[in-house]
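Residue numbers (this note's numbering), protein chains in the order written: chain A, 1 to 301; chain E, 1001 to 1301; chain B, 2001 to 2301; chain D, 3001 to 3301. Built from N, CA and C at the ideal position, the CB exists for glycine as well.
Number of protein chains: 4
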Amino acid sequence: MTLTPEQQAEIDQIRSQSNPTLRAVSEGMERHLYTAYPVLDHGFVRVIDYMGDDAAICQAARVSYGKGTKSVQNDEGLIRYLMRHWHSTPFEMCEIKLHVKLPVFVARQWIRHRTANVNEYSARYSILDREFYIPAPEHIAAQSVVNNQGRGDILTGDEAARVLEILKADSARAYDNYQSLISQDGQQGLARELARMNLPTNIYTQWYWKVDLHNLLHFLRLRADAHAQYEIRVYADEICKIVADWVPFAYAAFEDYRMGGATLSKTALDCVRRMIKGENVTQENSGMSKGEWREFSQLLD
Amino acid sequence: MTLTPEQQAEIDQIRSQSNPTLRAVSEGMERHLYTAYPVLDHGFVRVIDYMGDDAAICQAARVSYGKGTKSVQNDEGLIRYLMRHWHSTPFEMCEIKLHVKLPVFVARQWIRHRTANVNEYSARYSILDREFYIPAPEHIAAQSVVNNQGRGDILTGDEAARVLEILKADSARAYDNYQSLISQDGQQGLARELARMNLPTNIYTQWYWKVDLHNLLHFLRLRADAHAQYEIRVYADEICKIVADWVPFAYAAFEDYRMGGATLSKTALDCVRRMIKGENVTQENSGMSKGEWREFSQLLD
Amino acid sequence: MTLTPEQQAEIDQIRSQSNPTLRAVSEGMERHLYTAYPVLDHGFVRVIDYMGDDAAICQAARVSYGKGTKSVQNDEGLIRYLMRHWHSTPFEMCEIKLHVKLPVFVARQWIRHRTANVNEYSARYSILDREFYIPAPEHIAAQSVVNNQGRGDILTGDEAARVLEILKADSARAYDNYQSLISQDGQQGLARELARMNLPTNIYTQWYWKVDLHNLLHFLRLRADAHAQYEIRVYADEICKIVADWVPFAYAAFEDYRMGGATLSKTALDCVRRMIKGENVTQENSGMSKGEWREFSQLLD
Amino acid sequence: MTLTPEQQAEIDQIRSQSNPTLRAVSEGMERHLYTAYPVLDHGFVRVIDYMGDDAAICQAARVSYGKGTKSVQNDEGLIRYLMRHWHSTPFEMCEIKLHVKLPVFVARQWIRHRTANVNEYSARYSILDREFYIPAPEHIAAQSVVNNQGRGDILTGDEAARVLEILKADSARAYDNYQSLISQDGQQGLARELARMNLPTNIYTQWYWKVDLHNLLHFLRLRADAHAQYEIRVYADEICKIVADWVPFAYAAFEDYRMGGATLSKTALDCVRRMIKGENVTQENSGMSKGEWREFSQLLD
């Protein structure tokens, strides 16, 4: 992504205007405000506003648990306790508002997270820009042969070139025709709400997306995961960095208990207990199916 | 939409299998179950399951209001009372599950209604069919000159032909290339999650969509409205017919209080009172802006 | 409500600490932050945090509608347009976090608004204070004879005295016994999660309640309404004053289109049209039931 | 709980009326419909309606994953796969509507689960019955000395008798006074919306509660857990039995992956790997706090 000089000037200008507030301020987050972090070839993520910080999580927890929280003296320990025991409501007390520019096919996955507020650029009202996601060569991969929804080997040489050529040519032609459809020079232009349907889903859209911290972490757990599609994962990765500066204790607990953690079934827990006692547990005597056993084995490697 | 003989046979078969249940049954809805009602050129709506009927709405209201509801003796009167006074929770006690086939650009509007459950066909896992929405000639319209998001005059002759030609040709080429990208004959095919981005948003997708009656009526109020885009309105219209048979009292109240009704501002109500008293109220002395006055005048015509 | 000197000192102290921020700041809201506004005899409402202002609503709307919003030049006009046409998502871009102290029976109504984040004081963990809502004499009213859920005449004299006596005595006895149940002097105290059940619902609880502006306005429309129970309405009224200073354009539009407005059914609209033309419309020829006609007539008075 | 002969007759009567339906029918669930299962001393749970079965979960999953689900041939395996990988949306395709009678302090915990539809008996409209929860002697326990929100030893002898006496006497007096407040014999009765505040939270209320299977399982995981308060856990336990008959595959997967499973942090997983390799891992070299280590050790015992 390259910002126009005008856009960069606008960001610089708004970042130069500080106002006093009585609200809780996250120093780490203030450094990120408004700055557009590039993602993919034309996309970005930037923070437009936020509410709360690590202390706000603890403050809300202490309202709930009153004197009961005194035993956990410090904020970090309390936040780890809350995360470990799935006490989700204190994390809902923080809120973030992002401005995201992203391809439509990524937006379609993203919007499935329903507990959020969204204002998307409307192609019924306005004309979309000529910006399409064209994967970098190292991300053009074949269909996985082991995972129905994943990618396998990277395509190279002629095969990769052919893919790029098709994507570029079809995007260009679709946009040329879109422009031609809505053109109003000497003729009536097609309604924008109709013309947009000619555009492929690698075109970029943008939106404001507002979400509380609990639901954001849930989003990140799923979308920063290795199984998520690369094109949404890079957005999640960028947001992870921002959250780490915004609420450092909460993010560290999230990394330990959610991103790096795993849920074991009753059967798997039982196998772990047997293995620790020195028993030789195999798929056959584990009580698990082959698929479960494979996932379980990978986890313990 | 044309169903394949296999699909029609499957629907006929499932409609021939009746089972006894102790649950509330809506006779009107049973007649619709599983039948696919065509919408647009390849789409459809069909009911897969439902819960509750008009009596279920009243039953829930009577739990809430106890003896307080005795004064409203009959179900129809009670349902009209609930609708009139925005008592929404009893309507949430009914539920419907639809199977919908629809263009992606329509799905993108539809999904903005967040209080619903959705399972959509995944183009990460599976290959999309060659089915694109191509508007019928009478729905190819120019951009409205008065409404930024609306349609104006119908395009005709060469202009209409040009639009159709572009949409058809671009859809065909995009799908040919999609197939070529994922093809695995003698070469590695591109991952499906990438190849799909070459497809324009007039391609069809499908989903199961489950929603409670209160949220469904909210959806219908917005999407069966004259200002909604034609391509989603036809789905809403088809669903309206089904709801009218499912919960006839609730639907009639909805038509009177929501679809056919209107909200007047404090200022507008005041104007109405003055006009009834015979006063000559004009935009200038109304307290309304020109835009508001125009809408108000249209309402009273 | 009387704050302890310690509480007041804490509020004064936190209000004296201003920090620079790059975020949008609402001057009107900064004046309210942390201050506890008394409600009922021991309750209060105070703002703990907020996100956004009138400009944030417009900013989000302009992302959606792009150049389409240029025709509505100013923020006030745009906000009125959004409110009038039920464009709710831009209002969701503002958020508020309140600290509320309120009787349990009020909390039970309040919590029915589901789209909000809540952390409530837990009587499983902690011991409740001896604070009960005892209505002021002017709010002790008889059951309405016309409205199953409303109040009628104010009780006076011996009747009012009797009510106050019962409420005070039962609250005092229940709390004495609660203390005695959990007491741990020389005996085992009953678990707090059990002892709390002895307390009547006029005891005070407190919570942090976070909600977006759209859902807050929906709450206010229902709870600041004349039909809402007095004891929740006074909280809504106090919040209305805060919102009026926070987002003055949005609040003014809300007052005109929601609080002061009304929804007319198709039948009612038709009657209005006939009345404006000079026709003598009566309940008999209106197409409305007696109840509807009564409400309609009151509206036009 | 004892049903009146009239109530039992009504249930018998409705259970004798079977109607044909084309919808999916769960034989296991049909056996439960309408029957009131006693919980606590006056409460009950009963199913009023349901939508879907195990096959409906698979049907929705197969829409999403298309041909991708063919590799998981049978419904049971597919449901286990979905549960293991947190694919929650197919479980949202089933819905249940319960009629529950429960003490107010239990209702206050229950209502915190926001993704559900509720119609509660209103004490603004109607008069509450004289029914209070009085714990059985074996559930009267002291405050836990290790857990701020839990119960410790069972109280016995005089201490238990004292507790029972207080709860019974205060409930009786509160109800007598409630009746006296609303009484209308020869005097004006206090408005019901005010009189109700004199009642303690062990009084029973009732509601219709409708929820999808995914959110129901989340509720059961938290409320059928050993750390949940006994008085809500017994409701969850009773619902578990019903769900096991309704969707046997989903319930078995839930028991294995959720109820009997556990989430390990990154640190804990690392310790498990070290322990399986024969290393002697102690709290000191584990990287965990004392609290975390204690929970971890209990899990592996």
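Asked	Found
Closer than 8 Å at the beta carbon, the chain E residues around residue 2262 (chain B)	1263, 1264, 1269
Span of the alpha helix (DSSP H) around residue 3235 (chain D)	3230–3246
Neighbour-count burial assignment, residue 3020 (chain D), 16 or more Cβ in a 10 Å radius	exposed
Chain E within 8 Å of residue 5 (chain A), Cβ atoms only	no
Exposure of residue 302 (chain A), with buried meaning 16 or more beta-carbon neighbours within 10 Å	The requested residue 302 (chain A) is not part of the displayed model; chain A covers only 1 to 301.
8 Å Cβ cutoff, residue 3276 (chain D) in contact with chain A	yes
is_contact[residue 2243 (chain B), chain E] using C-beta, thresh 8 Å	no
Nearest candidate by alpha-carbon position, reference residue 3082 (chain D), set D:3122, D:3064, D:3199	D:3064
CA-to-CA distance, residue 2048 (chain B) to residue 212 (chain A), given in whole angstroms	16 Å
Proximity test, residue 141 (chain A) beta-carbon vs the ligand NAP heavy atom, cut-off 7 Å	Looking at this structure, you won't find the ligand NAP or any other ligand, since it has none at all.
C-beta contact flag for residue 152 (chain A) and residue 144 (chain A) at 8 Å	yes
Interfacial residues, the region 3146–3161 of chain D to chain B, with Cβ spacing under 8 Å	3148, 3149, 3150, 3151, 3152, 3153, 3155, 3159
Proximal residues of chain A, C-beta to C-beta of residue 3289 (chain D) below 8 Å	77, 80
Beta carbon proximity, residue 1063 (chain E) to chain D, threshold 8 Å	yes
Where the alpha helix (DSSP H) containing residue 29 (chain A) begins and where it ends	27–30
Burial state of residue 3120 (chain D) (16 or more Cβ within 10 Å)	buried
Proximal residues of chain D, C-beta to C-beta of residue 2105 (chain B) below 8 Å	3196, 3197
Ordered list of beta strand (DSSP E) runs contained in the region 119–161 of chain A, each at least 3 residues	141–143, 151–154
Terminal residues of the beta strand (DSSP E) in which residue 3264 (chain D) lies	3262–3264
For residue 2096 (chain B), the three-state DSSP class (helix, strand or coil)	strand
Local conformation of residue 1051 (chain E) per DSSP, three classes	strand
Proximity of residue 3166 (chain D) and residue 2181 (chain B) at Cβ, strictly below 8 Å	yes
Within-8 Å CB hit, residue 272 (chain A) to chain D	yes
Rounded separation between residue 1057 (chain E) and residue 2029 (chain B) - CA only	42 Å
Same chain only: Cβ atoms within 8 Å of residue 3141 (chain D), ignoring 5 sequence neighbours per side	3151, 3152, 3153, 3154, 3155
Own chain residues within Cβ distance below 7 Å of residue 200 (chain A), not counting five before or after	170, 171, 174
Residues bridged to residue 211 (chain A) [DSSP beta-bridge criterion]	A:96
Residue range of the unbroken beta strand (DSSP E) whose run includes residue 2285 (chain B)	Residue 2285 (chain B) -> not in any beta strand (DSSP E); alpha helix (DSSP H) instead, spanning 2283–2286.
Any C-beta of chain D under 8 Å from that of residue 1131 (chain E)	no
Secondary structure of residue 1277 (chain E), DSSP reduced to three states	coil
Cβ of residue 2084 (chain B) within 8 Å of any chain A Cβ	no
CB contact check: residue 3220 (chain D) to chain C, cutoff 8 Å	The structure shown contains no chain C; the protein chains it does contain are A, E, B and D.
Beta-carbon proximity of residue 2190 (chain B) to residue 3104 (chain D), cut-off 8 Å	no
Proximal residues to residue 1249 (chain E) (C-beta, below 7 Å), its chain only, five neighbours per side dropped	1054, 1075, 1076, 1079
Rounded distance between the beta-carbons of residue 146 (chain A) and residue 235 (chain A), thought under 8 Å	The Cβ separation is near 26 Å, so there is no contact.
Residue 2110 (chain B), buried or exposed, once every other Cβ within 10 Å from all chains shown has been counted against 16	buried
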